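Data first, discussion second: the structure below is written as structure tokens.
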Amino acid sequence: MPRRYWLMKCEPEAYTIGDLERDRSTTWEGVRNYQARNLLRDDMQVGDGVLFYASNAEPSGVTGLAEIVRSGFPDPT
Numbered sequence: 877m878p879r880r881y882w883l884m885k886c887e888p889e890a891y892t893i894g895d896l897e898r899d900r901s902t903t904w905e906g907v908r909n910y911q912a913r914n915l916l917r918d919d920m921q922v923g924d925g926v927l928f929y930a931s932n933a934e935p936s937g938v939t940g941l942a943e944i945v946r947s948g949f950p951d952p953t
């Protein structure tokens, strides 16, 4: 299957690409939109690419690249 890419949006005051570089891995929790939640849990696969998007930044846009390293799981929150 061809590699897929996902746009992952985050507010820069909550989490940045620099935070991800430091942490090496993170989970996306607290997603309440049903479609987004289902995509995170069911469709994102190990090896898929991530475009890390900083919203409400000056300027807004993709700030880095990442990769899915674990299969989806139900949000514990």
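In this text, residue positions in the sequence shown follow our numbering: the first is 877, and each later residue adds one. Note that CB positions come from ideal geometry on N, CA and C, so glycine has one too. Please read these numbers as outputs of a predicted model, since none were measured by experiment.
Backbone secondary structure at residue i - three-state DSSP
i    : result
E887 : coil
E934 : coil
G940 : strand
G906 : coil
Nearest candidate by alpha-carbon position, reference residue i, set the options
i    : options                : result
P878 : G940, Q921, P950       : Q921
T902 : I893, Y910, A912, R908 : I893
D895 : G948, D951, L941       : L941
S936 : W882, P888, Y881       : P888
E897 : Q911, V907, F928       : F928
S947 : N914, L883, D899       : N914
Cβ neighbour criterion (16 or more within 10 Å) applied to residue i
i    : result
V945 : exposed
A930 : buried
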